[in-house]
Amino acid sequence: MKKQPLGQNFLIDESIAREIVRLAGVSSDRPVVEIGPGKGILTELLLEQAESLTVIEIDTKLSLALNRRFGSNKNFRLIEADALKYDYGTLAGYQVVSNLPYYAATHILKRLIHYRSHIVRKTVMLQKEVVDRLTAQPGTRDYGSLSVFMQFHCEVERVLEVGKDAFSPKPKIDSSVVTLTPLAQPRVKVDNLKTFFNIINAAFLHKRKMLKNNLKGWENMFSKENGRTELAGIDLNRRGETLSLEDFATLSNHVHSHND
Ligand code: SAM
Numbered sequence: 244m245k246k247q248p249l250g251q252n253f254l255i256d257e258s259i260a261r262e263i264v265r266l267a268g269v270s271s272d273r274p275v276v277e278i279g280p281g282k283g284i285l286t287e288l289l290l291e292q293a294e295s296l297t298v299i300e301i302d303t304k305l306s307l308a309l310n311r312r313f314g315s316n317k318n319f320r321l322i323e324a325d326a327l328k329y330d331y332g333t334l335a336g337y338q339v340v341s342n343l344p345y346y347a348a349t350h351i352l353k354r355l356i357h358y359r360s361h362i363v364r365k366t367v368m369l370q371k372e373v374v375d376r377l378t379a380q381p382g383t384r385d386y387g388s389l390s391v392f393m394q395f396h397c398e399v400e401r402v403l404e405v406g407k408d409a410f411s412p413k414p415k416i417d418s419s420v421v422t423l424t425p426l427a428q429p430r431v432k433v434d435n436l437k438t439f440f441n442i443i444n445a446a447f448l449h450k451r452k453m454l455k456n457n458l459k460g461w462e463n464m465f466s467k468e469n470g471r472t473e474l475a476g477i478d479l480n481r482r483g484e485t486l487s488l489e490d491f492a493t494l495s496n497h498v499h500s501h502n503d
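Using the numbering used here, the first residue of the sequence shown is number 244, and each one after it goes up by one.
In structure tokens, the structure reads:
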């Protein structure tokens, strides 16, 4: 099956659509934003249950059809826009429910993180391999900067597996549904976010390399303890993929305090 422009693999299994809406816990006292409504399989169910529904669709043809089908409902609002650029700060206290366009899924999720104070919860379907990364724990193959970034800001839970047959046209890969619930406070205390994410990105730059190689930019702060190279008490012979969020916070807070 050739790759779909705009990630247009439409969900055709009604029972999975119902399950996604159920898992999202959509209720009549909360607005919902749906990204990429497509032909409206989730849209119809969301409209039945949400206080109001705003959908963001980039494709003009699909937007026209959606407006024809749902436009008379006063709780429905269609925005023809690029979800990668949309200002999600114009609404508050809403949840996001989406079968995301896969080519843009991680970029949209990262963008939504910036608007986390507006969003109560996100329930999104995306490539299984990306959900593997979002939920990965230290010491596992899929653990990387995306896992750390999302888990720092959100409670991340995989809630459903969806096979290729549930879509038309059928994609090459399986999908998973994940819920991301923004935390009131980030999971660990970090004194300077820029330093924190600089260190994380550097630590995972070459996944097979030891930290002492990936963190060369902070070499002037390395220390030697019992023949080991350390930074903030962390053994730099380790690889980035073994470090917990707490370990990254320890490194970053140490580096930040020594830069002052
Ligand atoms: N929700 C529908 C479903 O479950 O069948 C469609 C999902 S389909 C995987 C992704 C949808 O996102 C398509 O309707 C596509 O046109 C739309 N889309 C793709 N890129 C987009 C973007 N940058 N901004 C907004 N919508 C986009």
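Every residue gets a Cβ at the ideal spot worked out from N, C-alpha and C, and that includes glycine.
Is the beta carbon of residue j closer than 8 Å to that of residue i?
{"i": "V339", "j": "L327", "result": "no"}
{"i": "N457", "j": "G483", "result": "yes"}
{"i": "K282", "j": "L305", "result": "yes"}
{"i": "V399", "j": "T378", "result": "yes"}
{"i": "E300", "j": "E323", "result": "yes"}
{"i": "L369", "j": "L343", "result": "yes"}
{"i": "Y337", "j": "H361", "result": "yes"}
{"i": "L488", "j": "R401", "result": "no"}
{"i": "G250", "j": "Y346", "result": "yes"}
{"i": "I284", "j": "F253", "result": "yes"}
{"i": "D302", "j": "K371", "result": "no"}
{"i": "R265", "j": "E294", "result": "no"}
{"i": "S411", "j": "I255", "result": "yes"}
{"i": "S495", "j": "V433", "result": "yes"}
{"i": "I351", "j": "V391", "result": "no"}
{"i": "V275", "j": "L309", "result": "no"}
{"i": "T438", "j": "H499", "result": "yes"}
{"i": "P280", "j": "V269", "result": "no"}
Helix, strand or coil, according to DSSP, for residue i in the structure here?
{"i": "T366", "result": "strand"}
{"i": "K467", "result": "strand"}
{"i": "Y346", "result": "helix"}
{"i": "E372", "result": "helix"}
{"i": "L479", "result": "coil"}
{"i": "P425", "result": "strand"}
{"i": "V431", "result": "coil"}
{"i": "Q251", "result": "coil"}
{"i": "H396", "result": "helix"}
{"i": "S306", "result": "helix"}
{"i": "Y329", "result": "coil"}
{"i": "L474", "result": "strand"}
{"i": "S419", "result": "strand"}
{"i": "D256", "result": "coil"}
{"i": "R311", "result": "helix"}
{"i": "L377", "result": "helix"}
Which whole-angstrom value is the C-beta distance of residue i and residue j, which I expect to be below 8 Å?
{"i": "I263", "j": "L403", "result": "7 Å"}
{"i": "L474", "j": "H497", "result": "7 Å"}
{"i": "A446", "j": "L486", "result": "7 Å"}
If I follow the unbroken beta strand (DSSP E) through residue i, where does it start and stop?
{"i": "F447", "result": "Taken as a continuous stretch (DSSP letters only), F447 belongs to no beta strand (DSSP E), as it is neither H nor E."}
{"i": "R359", "result": "Per DSSP, R359 belongs to no beta strand (DSSP E) and is neither H nor E."}
{"i": "S295", "result": "295 to 300"}
{"i": "L522", "result": "Because the chain spans 244 through 503 in this model, residue 522 falls outside it and cannot be assessed."}
In the DSSP assignment, find the unbroken alpha helix (DSSP H) run with residue i in it and report its ends.
{"i": "R273", "result": "Careful: R273 lies outside any alpha helix (DSSP H) and carries neither H nor E."}
{"i": "E489", "result": "488 to 502"}
{"i": "I284", "result": "284 to 292"}
{"i": "V456", "result": "In the sequence on display, residue 456 carries Asn and not Val. 454 to 457 is the extent of the alpha helix (DSSP H) around N456."}
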